[in-house]
RNA sequence: CGGGGUGUAGCUCAGUUUGGCUAGAGUGCAUGACUGGGGGUCAUGAGGUCGCAGGUUCAAGUCCUGUCACCCCGACCA
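Numbering (our numbering), first residue to last: 52 to 666.
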């Protein structure tokens, strides 16, 4: 490829829109341009990187026995209504009405489509296991696209779906995918850690996330100090804290706190630490899960209009459950743990009016004292960290009042028929698990494998005949890789002040030939080596622009091309070409007549190193 | 959707507070000359509905109202 004939619009200045390094460099190196918030145009260099990642993914998927197909991006809404995900996905689901008045979905993922296919085409256990995948555009109408391609509205995902008769078979394919994913990320040259993720319907180790650690990641990974176990923060368990020695405090006492009821403001007002406060959260959820869906749908459809008040919603919902959750002031409720505790499929809703009805106070002044006597409360869930407190400050269930000197167990019960003390919070710095210190780091989720069970096959009637001659619901697994995110993570993993430092497997070109000077002999020598490298099958870019050396070097560095071969006046006179690795500061020389050969060997070697077997 | 911010040349930004002449700089682009190993120098030139609409005024990039887009924090995220 000739630089002069390629669109690689590099820029010197950092674009104002871009906050994180991968986003900045993708724009600066001319890999892409923004079309609108969360949608990007991939330019030739960026496109080449996408294609290289896709090629690796495709090779590893095929090698693992999966088969590639293509699913339409535009899919009928009816399919999504059958699984209820037209509602579950909420406003993130992109949709439009066609000229016939039919509603269509812009596929944000494709369980429905693949299960539809399986329902029609898989009839016998003899066809199983079957693993189908596609690499295709996905659309999600994100509330807030950000960080360049890390959270965009349109992106490319590899999604695979496997079908099975039994759990063992599913597990086998699941592990094959797990291994294939390891190979994909190894070959792409990104660091990654595998963490246990939300387990979903199947329980146990039903999902793993592949995460590239980096400062700018949106996910938080929690791992033990010995590096043996890792979780997504949504799933990380914590040891209960040691019970604090009983303090000699007086009786609980109401104090006037005429301020906003947030933990931060109240703790400052009373001059106590947030960790000495008890946060009281009140949730409610309709007893019938279907009602939650209807309500969600109602809100989705009426978002701008007559939004129901809390009471109206509650009335519309029929019977409902109310849960009171107590966590320490400096802790956060973990929604995943909560959902798991109360049963999946239940939506938890918060309505200020309802909270006011129950506590008799404005939001911000709820407290546990006296609440356990209220019949309408189904359950009080107390985090062990609250139970371990010697004394705390809580809301008084009276607007503008809090209670100090509250002793858990003395002033409100820690046991009882509707009281449960159970881990319900996010792990924080200082927590342990099984006695081991928990550490935190941020990361970018680049892949996830998931055991789906029969969730979709049941709803879409994907059954097949077993050896026993009876119909069985198919078990499914699904496996996703974010193609664009791999590129962003690779950049977050490798850059310096001059630009990207890319793994050779995904760099837009493997080698750049830089003629430093426009004398005929320099150009000729550069052209020759360029031709030889091409003949050797190396992906090579020649910077044939009429520009100064400095400009070419800067752009080569910005693009992160792993190997640079420079033809300059001095070295040429000695029959040498210059050789430099992007990742290393030093330069060396190679004899002109064997340079191409040696560089080609080096390229092969660098690629082979990324292919090395896992672990 | 709540909070904060920004829209002026392809890009990065001055100018808006306190309304006033023909709207500026750097960079990029074009042309020419000199250069030629880390974004070089000089000269000339093209490039703007000052986000959009309406209003106030003798006069609006600047003040007012509305609106749109984009960015950041939060909420949300199979």
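Here a beta-carbon is modelled for each residue, glycine too, at the ideal position from N, C-alpha and C.
All values derive from a computational prediction rather than experimental measurement.
>> My parser needs the alpha helix (DSSP H) runs of 4 or more residues fully inside the stretch 460-521; what are they?
In response: 506-511
> Any idea which residues DSSP pairs residue 282 with across the strands?
Replying inline: To locate residue 282, count along the first chain from 1; it is residue 231. The partner list for residue 282 (beta bridge, DSSP) reads 247 and 273.
> What are the boundary residues of the alpha helix (DSSP H) that includes residue 225?
Replying inline: Position 174 of the first chain, counted from the start, is the residue given in the question as residue 225. Note, residue 225: alpha helix (DSSP H), 218-239.
> Helix, strand or coil for residue 560 per DSSP?
Replying inline: As a first step, residue 560 is located in the first chain; it is residue number 509 there, counting from the start. Residue state, collapsed to three classes: coil.
> What is the DSSP secondary structure of residue 449, counted as helix, strand or coil?
Replying inline: The sequence position of residue 449 within the first chain is 398, counting from 1. Coil at residue 449, not helix or strand.
>> Across the stretch 191-199 and the stretch 140-147, are there enough close Cβ pairs to call them in contact, namely three or more that are closer than 8 angstroms?
In response: yes
> Would you say residue 331 and residue 446 are within 7 angstroms of each other, going by their C-beta atoms?
Replying inline: Counting from one through the first chain, the residue named residue 331 turns up at place 280. Counting from one through the first chain, the residue named residue 446 turns up at place 395. For residue 331 and residue 446, yes; Cβs fall inside 7 angstroms.
> Grouping DSSP H, G and I as helix and E and B as strand, with all else coil, what is residue 656?
Replying inline: Position 605 of the first chain, counted from the start, is the residue given in the question as residue 656. The answer is helix: DSSP assigns residue 656 an H, G or I state.
> Would you call the CB atoms of residue 492 and residue 568 closer than 7 angstroms?
Replying inline: Numbered from its first residue, the first chain carries residue 492 at position 441. Numbered from its first residue, the first chain carries residue 568 at position 517. The answer is no: Cβ separation not under 7 angstroms.
> Going along the chain, which residues of its own chain have a beta-carbon closer than 8 angstroms to the beta-carbon of residue 588, five neighbours each way excluded?
Replying inline: On the first chain, residue 588 is found 537 positions in, with the first residue counted as 1. So the list reads 651, once near-sequence residues are dropped.
>> Using DSSP's beta-bridge definition, name the partner residues of residue 331.
In response: Numbered from its first residue, the first chain carries residue 331 at position 280. Bridge partners of residue 331: 377.
>> Relative to the C-alpha of residue 544, which candidate in 434, 76, 170 and 233 has its C-alpha closest?
In response: Locating residue 544 in the first chain gives position 493, where the first residue counts as 1. Residue 76 is the option with its Cα nearest to residue 544.
>> My output table needs one value for residue 321: the three-state DSSP class, helix, strand or coil.
In response: Position 270 of the first chain, counted from the first residue, corresponds to residue 321. The answer is helix: DSSP assigns residue 321 an H, G or I state.
>> In the DSSP assignment, the alpha helix (DSSP H) including residue 182 goes from what residue to what residue?
In response: As a position in the first chain, residue 182 is number 131, starting the count at 1. Run containing residue 182: none in the alpha helix (DSSP H); it sits in the beta strand (DSSP E), 181-190.
>> Beta-carbon within less than 7 angstroms of residue 305's beta-carbon, same chain only, minus the 5 sequence neighbours each way: which residues are those?
In response: By one-based count along the first chain, residue 305 stands at place 254. 447, 452 and 454, listed in sequence order.
> Between which two residues does the beta strand (DSSP E) containing residue 433 stretch?
Replying inline: Counted from its first residue, the first chain places residue 433 at position 382. Where residue 433 is concerned, the enclosing beta strand (DSSP E) stretches over 430-433.
> Using a Cβ-Cβ cut-off of 7 angstroms (strictly less than) and excluding sequence neighbours within five positions of residue 295, which residues of its own chain qualify?
Replying inline: The count along the first chain starts at 1 and reaches residue 295 at position 244. If we look at residue 295 and ignore the five residues flanking it on each side, its Cβ neighbours are 439, 440 and 441.
> Looking only at C-alpha atoms, which of 474, 524, 324 and 216 sits nearest to residue 378?
Replying inline: Sequence index remark: in the first chain, residue 378 carries index 327 (1-based). It is 474.
> Buried or exposed: which applies to residue 659, given that a residue is buried once 16 or more other Cβ atoms fall within 10 Å of its Cβ?
Replying inline: Against the first chain, residue 659 aligns to sequence position 608. Exposed, by the Cβ-count rule.
>> Suppose contacts are defined by Cβ-Cβ distances below 7 angstroms. Is residue 384 in contact with residue 373 by that definition?
In response: Counting from one through the first chain, the residue named residue 384 turns up at place 333. Counting from one through the first chain, the residue named residue 373 turns up at place 322. Contact: no.
>> Give me the residue from 411, 435 and 553 with the minimum Cα distance to residue 382.
In response: The residue you call residue 382 lines up with position 331 of the first chain. Among 411, 435 and 553, the Cα nearest to that of residue 382 belongs to 435.
> Can you pull the DSSP bridge partners for residue 372?
Replying inline: Counting from 1 along the first chain, the entry for residue 372 is found at position 321. Residue 372 pairs with 336.
>> Looking at residue 559: is its Cβ nearer than 7 angstroms to the Cβ of residue 99?
In response: Along the first chain, one-based indexing puts residue 559 at 508. Along the first chain, one-based indexing puts residue 99 at 48. Cβ distance < 7 angstroms, so residue 559 and residue 99 count as in contact.
> Short check: CB of residue 273 to CB of residue 489, under 7 angstroms?
Replying inline: On the first chain, residue 273 is found 222 positions in, with the first residue counted as 1. On the first chain, residue 489 is found 438 positions in, with the first residue counted as 1. It is a contact, given that the beta carbons lie within the stated cut-off.
>> Would residue 303 and residue 457 be called neighbours here (beta carbons separated by less than 7 angstroms)?
In response: Residue numbering aside, residue 303 sits at position 252 when the first chain is read from its first letter. Residue numbering aside, residue 457 sits at position 406 when the first chain is read from its first letter. In contact: residue 303 and residue 457 (Cβ atoms closer than 7 angstroms).
>> Our contact map puts residue 176 next to residue 515 with C-beta atoms below 8 angstroms; I'd like the distance itself, whole angstroms only.
In response: Against the first chain, residue 176 aligns to sequence position 125. Against the first chain, residue 515 aligns to sequence position 464. Between residue 515 and residue 176 the Cβ distance is about 6 angstroms, and since that is below 8 angstroms, they are a contact.
>> I need the boundaries of the alpha helix (DSSP H) containing residue 571, first residue and last residue.
In response: In the first chain, counting from the first residue as 1, residue 571 sits at position 520. Note, residue 571: alpha helix (DSSP H), 571-586.
> Between residue 60 and residue 641, what straight-line distance do the alpha-carbon atoms span, to the nearest angstrom?
Replying inline: Along the first chain, read from residue 1 onward, the residue named residue 60 stands at position 9. Along the first chain, read from residue 1 onward, the residue named residue 641 stands at position 590. Cα to Cα, the separation comes out at about 31 angstroms.
> Just how far apart, CA to CA, sit residue 506 and residue 217?
Replying inline: On the first chain, residue 506 is found 455 positions in, with the first residue counted as 1. On the first chain, residue 217 is found 166 positions in, with the first residue counted as 1. Roughly 14 angstroms separates the two Cα atoms.
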